[in-house]
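Numbering (our numbering), first residue to last: 27 to 387.
Here the structure is laid out as structure tokens; the discussion comes afterwards.
As structure tokens, then:
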């Protein structure tokens, strides 16, 4: 059985606090001793007022994919207005898709109410006791085993670097909840988290990890890579112990195989998911985030052989079903979703795809 009652070390939020001027987090990402705060979570059904026993930073909401509702928060100054709530569809292959949302709580929130069918969790990201993490904090990915001269190189923070609680990947008997399976790369898809950041971006990544691994019981995060408003890149889905993120060993154009994640239900196999931390419904990612995304996509296209301008017939490796779509595209190009946000989606062609295809100046 999946351990859902333990209060573990991960945290979360995703978004554009760097642009919106959101309040600073109550604590830093990690101490110099290599620890991060354990996540403290209190679950409750949606549909009525909830008063968590401890302070909280984020509310997770899970329910029917595509369903809409609203959420409001209570603070010492009173109850705020209703904010729209949309559960985005995600899912592992072989399971039913799940609707979910991450919502940043206002500073000092004492309660909330989600007007939607489903379940919620009030998540405290910064006050839990320390979880010790170990391992290299940085990694790189290139087209060669060691990165030949002139090869594009992607540098990122590893799972250890952002404080992943690796115990979430296993059940109480020690069985891997989501074993790594690899398939030839066919596509690359861009997402947003649709939530304002806490200002501690490694904590934001841990929040997404908590939602996927614990609340949705996947056992891991559903994206391959994540990018924060400052342009820092984070390793996502666990891909084995060889030190090579995303892939089964050093990737080669036309032969690269990526670990299957859970970011685009029905087209997850061989589809690399890159997620920007932030809500880009009414605003654009920072310039640093956009530049970093373009660099990441150039490297991924170079090491996999994906043509950023191509239209493909995505082939499901198990059923042979064909789904037309872009080799480099947006979540909404594959499924009925607003992701990666209306504002960003409108400029994606020129701000991202064209720049990736042109290559560095």
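Positions of the beta carbon are idealized from the N, C-alpha and C atoms, including for glycine.
{"query": "Output needed for residue 202: all residues of its chain with C-beta closer than 8 Å, excluding positions within five of it in sequence on either side, in chain order.", "result": "195, 196, 245"}
{"query": "How close, in whole Å, do the beta carbons of residue 236 and residue 159 come, if the pair is a contact with beta carbons under 8 Å?", "result": "Not quite, the Cβ-Cβ distance comes to about 15 Å (not below 8 Å), so this is no contact."}
{"query": "Do residue 367 and residue 307 have their beta-carbon atoms positioned less than 9 Å apart in this structure?", "result": "yes"}
{"query": "Using the rule of at least 16 other Cβ atoms within 10 Å of the residue's Cβ for burial, across every protein chain shown, is residue 240 buried or exposed?", "result": "buried"}
{"query": "Report the residue from 221, 321, 86, 66 whose alpha carbon sits nearest the alpha carbon of residue 79.", "result": "66"}
{"query": "Please name the residue, chosen from 247, 216, 138, 259, that lies closest to residue 378 on a Cα-to-Cα basis.", "result": "216"}
{"query": "Would you report the Cα separation of residue 179 and residue 325, rounded to the nearest angstrom?", "result": "7 Å"}
{"query": "If you follow the alpha helix (DSSP H) that residue 316 is in, where does it begin and where does it stop?", "result": "313-330"}
{"query": "When you compare each of 95, 91, 120, 232 to residue 151 by their alpha carbons, which one comes out closest?", "result": "232"}
{"query": "With which residues is residue 62 paired in a DSSP beta bridge?", "result": "157"}
{"query": "Quick one: give me the first and last residue of the beta strand (DSSP E) that residue 127 is part of.", "result": "124-130"}
{"query": "What residue does the beta strand (DSSP E) around residue 208 start on, and which one ends it?", "result": "208-210"}
{"query": "What's the C-alpha gap between residue 153 and residue 81?", "result": "9 Å"}
{"query": "Should residue 338 be listed as close to the ligand SAH, given that the test is whether its C-beta is under 8 Å from any heavy atom?", "result": "Because no ligand of any kind appears in the structure shown, any question about the ligand SAH cannot be addressed here."}
{"query": "Kindly indicate which three-state DSSP category residue 357 falls into: helix, strand or coil?", "result": "helix"}
{"query": "Kindly indicate which three-state DSSP category residue 230 falls into: helix, strand or coil?", "result": "helix"}
{"query": "Assign residue 382 to one of three DSSP states: helix, strand, or coil.", "result": "helix"}
{"query": "If you reduce the DSSP assignment to three classes, tell me which class residue 370 lands in.", "result": "helix"}
{"query": "I'd like the span of the alpha helix (DSSP H) that includes residue 186, first residue to last.", "result": "185-188"}
{"query": "If we count the other Cβ atoms within 10 Å of its Cβ and call it buried at 16 or more, is residue 58 buried or exposed?", "result": "Its pLDDT being 38, under 50, residue 58 is placed unreliably in this model, and the value from its coordinates should be taken loosely. Exposed, because fewer than 16 other Cβ atoms sit within 10 Å of the Cβ of residue 58."}
{"query": "Under a three-way DSSP split, which group does residue 342 fall into?", "result": "coil"}
{"query": "Use the C-beta contact count for residue 76: other C-beta atoms within 10 angstroms, 16 or more gives buried, fewer gives exposed.", "result": "buried"}
{"query": "State the CB to CB distance for the pair residue 274 and residue 266, rounded to an integer number of angstroms; the pair is presumed to be in contact (CB under 8 Å).", "result": "7 Å"}
{"query": "Using 10 angstroms around the beta-carbon of residue 164, count the other beta-carbons present and answer buried if the total reaches 16, otherwise exposed.", "result": "exposed"}
{"query": "Is it buried or exposed for residue 385, if we count other Cβ within 10 angstroms and need 16 for buried?", "result": "exposed"}
{"query": "Just how far apart, CA to CA, sit residue 352 and residue 98?", "result": "37 Å"}
{"query": "Going by other Cβ atoms of all chains shown within 10 Å of its Cβ, with 16 needed for buried, is residue 117 buried or exposed?", "result": "buried"}
{"query": "Thinking just about the alpha-carbon of each residue, which of 186, 138, 313, 162 is nearest to the one in residue 102?", "result": "138"}
{"query": "Sort 356, 128, 342 by Cα distance to residue 372 and report the nearest one.", "result": "356"}
{"query": "Please list, in chain order, all residues of the same chain as residue 398 whose beta carbon is under 7 Å from its beta carbon, the five residues on each side excluded.", "result": "The shown model of the chain, from 27 to 387, leaves out residue 398, and the question about it has no answer."}
{"query": "Quick test of the definition: if touching needs 3 or more C-beta pairs under 8 Å, does the segment 278-294 touch the segment 218-226?", "result": "no"}
{"query": "Which residues mark the beginning and the end of the beta strand (DSSP E) in which residue 238 is found?", "result": "Premise fails: residue 238 is in no beta strand (DSSP E) and is neither H nor E."}
{"query": "Whole beta strand (DSSP E) runs in the segment 261-303 with 3 or more residues, listed along the chain?", "result": "283-285, 297-302"}
{"query": "If you measure between the beta carbons of residue 300 and residue 168, is that distance less than 9 Å?", "result": "no"}
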